[in-house]
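If you count by our numbering, then the sequence shown holds residues 235 to 461, one letter each, in order.
Note that CB positions come from ideal geometry on N, CA and C, so glycine has one too.
Data first, discussion second: the structure below is written as structure tokens.
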Amino acid sequence: MKRWVRWVRDNGLTLAFGGAFLLTLFAQGVAGHAEMNNELEADGLASLSFGAYLTSSDFAVDVTENWQSEYLQFFLYVMGTVWLLQRGSPESKPLDRPGRESEEYQMIGPHARRSSPAWARASGWRRTLYSNSLGLVMGGLFVLTWLAQSVSGVAAFNERRLRDYQDPIGWGDYLTTADFWSRTLQNWQSELLAMASMAILSVYLRQRGSPESKPVGAAHTATGVEG
Numbered sequence: 235m236k237r238w239v240r241w242v243r244d245n246g247l248t249l250a251f252g253g254a255f256l257l258t259l260f261a262q263g264v265a266g267h268a269e270m271n272n273e274l275e276a277d278g279l280a281s282l283s284f285g286a287y288l289t290s291s292d293f294a295v296d297v298t299e300n301w302q303s304e305y306l307q308f309f310l311y312v313m314g315t316v317w318l319l320q321r322g323s324p325e326s327k328p329l330d331r332p333g334r335e336s337e338e339y340q341m342i343g344p345h346a347r348r349s350s351p352a353w354a355r356a357s358g359w360r361r362t363l364y365s366n367s368l369g370l371v372m373g374g375l376f377v378l379t380w381l382a383q384s385v386s387g388v389a390a391f392n393e394r395r396l397r398d399y400q401d402p403i404g405w406g407d408y409l410t411t412a413d414f415w416s417r418t419l420q421n422w423q424s425e426l427l428a429m430a431s432m433a434i435l436s437v438y439l440r441q442r443g444s445p446e447s448k449p450v451g452a453a454h455t456a457t458g459v460e461g
């Protein structure tokens with residue numbers, strides 16, 4: 235097998251979803267640009283070029299409000315599944331293994347293997363940091379995208395206010411507006427619904443060959459088993 239073919243195969247999941255992300259982001263830009271110009275035309279204002287729309291606060295807030303909810307979903311899932319269990323779900327750890335688990339099971343410190351990452355074999359703050367790195371990064375990305383949403387959101391909100399000859403408001407005031415929380419909570423509730431649905435539906439339903447599903451013949455009560 236050629237080297238590049240093997241590389242594509244070995245990274246197919248990231249490449250496929252990354253490519254789909256770029257295509258849908260571009261498509262969102264096209265659709266959003268058309269919608270924005272329709273609104274500007276209705277208000278008797280000049281239309282925006284596609285490039286100008288892609289750098290506008292309207293596009294930025296639409297993008298970042300979705301990103302922050304996705305990173306919130308993964309942060310909550312990564313951290314919640316440390317302690318929370320769901321009998322029969324492959325999304326849950328086995329019922330007898332709640333919590334952070336032993337160093338032996340986690341293969342860290344003196345129990346690390348030759349193939350283990352260097353920081354898993356380390357001690358002190360490096361091992362602690364690496365042991366929580368996924369949750370920290372997901373939580374950090376959520377905070378950053380949430381801040382980006384709030385900054386771009388107040389800019390877009392003030393642009394609409396100026397079109398209506400109203401005074402702009404500050405960032406702190408925007409965080410208390412219905413506009414900000416409506417944008418935020420409509421995404422949070424959809425992510426939480428998706429997480430709860432996946433946890434319970436995977437108890438009873440199957441998808442052959444998917445690691446997100448139990449083997450087709452596994453019992454409904456089998457917990458922490460992946461296909």
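Given a threshold of 16 other Cβ atoms within 10 Å of its Cβ, counted over all protein chains shown, does S416 qualify as buried or as exposed?
The residue in question, S416, is exposed, as its Cβ has fewer than 16 Cβ neighbours within 10 Å.
Would D292 be called buried (16 or more neighbouring beta carbons within 10 Å of its own) or exposed?
Buried.
For the pair the region 376-388 and the region 277-297, tell me if three or more CB-CB distances fall below 8 Å.
Yes, since at least three Cβ pairs between the region 376-388 and the region 277-297 fall closer than 8 Å, the two stretches touch.
Are S303 and N421 touching if we call contact CB-CB under 7 Å?
Yes, Cβ-Cβ distance for S303 and N421 is below 7 Å.
If we call anything under 7 Å between Cβ atoms a contact, is L329 one with L319?
Yes, the pair counts as a contact, with Cβ atoms nearer than the cut-off.
Take K327 as the anchor and find which of L274, A433 and R442 has the nearest alpha-carbon.
Taking only the C-alpha atoms, the option nearest K327 is A433.
Apart from the five residues on each side of it in sequence, which residues of its chain come closer than 6 Å, Cβ to Cβ, to F309?
For F309, where only same-chain residues beyond five positions count, the Cβ hits under 6 Å are M372, G373 and F376.
In angstroms, rounded to a whole number, what distance separates the CA positions of S367 and A280?
Rounded to whole angstroms, S367 to A280 spans 48 Å at the Cα level.
Taking just the CA atoms, how far does E325 sit from G458?
Spanning the two alpha carbons is a distance of roughly 6 Å.
Go ahead and pull the three-state DSSP assignment for M341.
If DSSP states are grouped into helix, strand and coil, M341 belongs with coil.
Would you report the Cα separation of R321 and Y438, rounded to the nearest angstrom?
The straight-line gap from Cα to Cα measures roughly 11 Å.
Report the option in L282, K236 and V297 whose CA atom is closest to the CA atom of A261.
When each option's Cα is compared against that of A261, the closest is V297.
Could you check which residue in W301, M235, L370 and L306 has the C-alpha nearest to that of F255?
The shortest Cα separation from F255 among W301, M235, L370 and L306 belongs to W301.
Does the distance from the CB of S431 to the CB of R440 come in under 7 Å?
No, the Cβ-Cβ distance between S431 and R440 is not below 7 Å.
Whole angstroms is fine: what's the gap from I342's alpha carbon to R348's?
Distance between the alpha carbons of I342 and R348 is about 11 Å.
Would you decide whether A354 is buried or exposed? Buried here means 16 or more other CB atoms lie within 10 Å of its CB.
That one is buried.
Determine the DSSP secondary structure at S431, reduced to helix, strand or coil.
Correct three-state label for S431: helix.
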